[in-house]
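Numbering (this note's numbering), first residue to last: 273 to 686. Even for Gly, the Cβ is constructed at its ideal location relative to N, Cα and C. Nothing here was measured: the structure is a model prediction, and the numbers come from that model.
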Amino acid sequence: MIQEQEHTVTLVINQSIEMGEFGIQEAIQLFELFGLSYQELFKQYFPLNQFPKKYQITSQTLPNYPFVDIQLKDLDLIPKVLSRSILIHDILYTMSRGNTLDELPNNVLPQAMQYIQNPNLSCKCDIITSYFKITQEKRVQLIEQVFGEKGFNCQNTINLTEPDILYYLIITKDQKYIAGCTLTKKKKRREKNFARNYELPNRIYLGPVSLAHDLAFLMANQAQVQENDLVFDPFAGTGSSLVACSHFGAICFGSEIDGYLMKGHCIGYLNKKSTYLKDPNYKQVKPYIHLNFHQYNLPTPNLIQADVHLPNFNPRIESFFDAIICDPPYGIRASIQQDGNEQDLQANRTAIYKRMFEVARKVLRRGGRLVYLYPLFKGMEKKVDKEEGFELIDFREQKMVDKRSRLLVTMEKL
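Pasting the structure below:
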């Protein structure tokens with residue numbers, strides 16, 4: 273039997289301090305979604321008999337993070353993962369590596385020469401560093417040294433706007449070097465920026481605690497939402513999580529106790545900065561949650577006004593949903609705006625999360641995922657308690673101001 277060739281590629285994870293290690297979490301779930309287990313993904317870093325849990329794989333356990341080397345047999349996984357990713361900046365085909373720049377041309381892989389020596393391909397070169405900056409003058413000097421005549425001697429033509437191939441020089445935190453290229457097609461590279469279309473500053477209908485667009489997409493990826501999945505948000509608000517799931521083709525359902533928020537009264541409002549208001553086809557209407565779906569040409573969700581503490585679920589929807597994604601009340605941003613002492617808020621918070629799990633046990637199918645945000649305040653331990661009937665898949669911390677943070681938690685129903 274002929275063994276499939278493995279290709280060394282480098283994950284370039286977004287160096288976002290705000291998003292912490294959500295990038296590792298996202299990479300694990302997206303590769304798993306497309307058929308590659310996390311054990312296979314990180315097999316070169318851990319012995320099989322001592323493989324850690326997903327949430328134990330961190331920037332401290334991955335050398336050269338945020339640059340992570342992995343082995344892929346199927347390069348077609350790259351555009352699939354990038355088409356959904358928020359925090360994976362790119363996935364590069366590794367051409368060479370070395371302790372010094374002079375070692376790179378001598379260590380170039382034979383397979384890379386088909387790109388380097390092809391005059392029919394156009395290219396662009398860039399540099400990625402790990403948590404430090406270099407001047408533009410130094411950047412140009414390094415690119416010439418690595419990809420010019422004295423380096424790889426690339427035969428491609430230069431095209432800075434629509435290149436066929438992107439070359440990168442990666443400089444790690446311990447001053448080692450990796451040369452790579454991206455093989456993703458031009459169209460796919462443009463599609464990777466899909467999330468920018470959903471940024472809150474341009475969204476038509478907002479509330480005081482609307483979930484950030486990038487976090488909503490990260491949660492959808494944690495739930496591994498796919499086309500025709502049935503997704504439920506019991507605290508729908510202005511629909512941020514459901515917008516993200518609808519983008520991936522899910523059939524969305526939501527409930528919200530505040531009917532005024534759903535219908536655009538009181539705290540819900542039209543965003544006057546949204547370009548949607550300037551669309552000549554736009555017809556002036558009152559603000560309400562469905563506007564956010566009209567703006568992006570997405571199917572509108574099935575919504576009801578309901579108190580999750582007093583649900584009236586039809587027995588036919590038991591084990592009905594593929595995923596539940598939510599940001600329950602009394603989270604980080606909501607707590608800042610609440611009156612009353614922290615003890616009362618924590619009591620309300622505890623009751624809501626308890627009820628959230630009760631609902632999930634009833635309406636989530638076996639193997640379905642519950643993805644939620646959990647706030648941490650000063651003095652609280654960073655941990656996730658075990659819940660009967662659920663397996664903890666992953667959790668990561670997002671640090672915020674004033675010693676506050678929150679966990680992005682993924683559970684799977686047993």
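- Straight-line spacing of the CA atoms in residue 675 and residue 620 works out to 21 Å.
- Burial check for residue 557: the Cβ neighbour count within 10 Å stays below 16, so the residue is exposed.
- In the structure shown, residue 564 falls within a helical segment according to DSSP collapsed to helix, strand and coil.
- With respect to the 8 Å criterion, residue 686 and residue 661 are classified as neighbours on the basis of their beta carbons.
- By the C-beta criterion, the segment 422-432 is judged not to be in contact with the segment 330-350, since fewer than 3 inter-stretch pairs fall below 8 Å.
- Look at the beta carbons and you see the segment 492-507 touching the segment 594-601: at least three pairs across the two are nearer than 8 Å.
- Looking at the backbone, the Cα of residue 563 and that of residue 574 are separated by about 14 Å.
- The beta-bridge partner set that DSSP reports for residue 283 consists of 340 and 363.
- Counting only the Cα atoms, residue 625 lies some 27 Å from residue 330.
- Bounds of any alpha helix (DSSP H) do not take in residue 647; it lies within the beta strand (DSSP E) bounded by 636-648.
- CA-CA distance, residue 409 to residue 418, rounds to 15 Å.
- Residue pairing by DSSP places residue 445 opposite no residue, since no beta bridge is assigned to it.
- When the alpha-carbon of residue 546 is set against those of 476, 519, 664 and 386, the nearest one is in 476.
- Cβ contact annotation for residue 522 (same chain, cutoff 6 Å, sequence separation greater than five): 497, 501 and 503, in chain order.
- In the displayed model, residue 513 falls within a helix according to three-state DSSP.
- Non-local beta-carbon contacts of residue 529 in its own chain, meaning distances under 6 Å to residues more than five positions away in sequence, involve 579 in chain order.
- Taking a 10 Å sphere around the C-beta of residue 398, we find fewer than 16 other C-beta atoms and assign the residue as exposed.
- In this structure, residue 294 and residue 359 form a Cβ contact; the two beta carbons are roughly 6 Å apart against a cut-off of 8 Å.
- The three-state secondary structure of residue 595, taken from DSSP, is strand.
- For residue 526, the enclosing beta strand (DSSP E) begins and ends at 523-528.
- For the 8 Å CB-CB criterion, residue 655 and residue 292 do not form a contact.
- A direct Cα-Cα distance of roughly 16 Å separates residue 513 from residue 569.
- Of the candidates 346, 659, 510 and 416, the residue whose Cα lies closest to the Cα of residue 561 is 510.
- Counting only runs of 3 or more residues that sit fully inside the segment 458-492, no beta strand (DSSP E) segment turns up.
- Assignment of residue 370 by DSSP, reduced to helix, strand and coil, places it in the strand class.
- Beta-bridge partners assigned by DSSP to residue 669: 679.
- Under the DSSP assignment, residue 302 falls in the alpha helix (DSSP H) whose first and last residues are 294-305.
- According to the DSSP assignment, residue 656 belongs to no alpha helix (DSSP H), since it is labelled neither H nor E.
- Around the CB of residue 382, fewer than 16 other CB atoms lie within 10 Å, so the residue is classed as exposed.
- In this model, residue 600 and residue 680 are separated by some 12 Å (Cα to Cα).
- About 5 Å separates the beta carbons of residue 344 and residue 279, which is inside the 8 Å limit, making them a contact pair.
- By the C-beta density criterion, residue 361 is buried, having at least 16 other C-beta atoms within 10 angstroms.
- Taking 8 Å as the cut-off, the Cβ atoms of residue 452 and residue 333 do not count as close.
- Ranking 526, 623, 535 and 538 by CA distance to the CA of residue 576 puts 526 first.
- The beta carbons of residue 356 and residue 469 sit no closer together than 8 Å.
- Residue 652 counts as exposed, since fewer than 16 other C-beta atoms from the protein chains shown sit within 10 angstroms of its C-beta.
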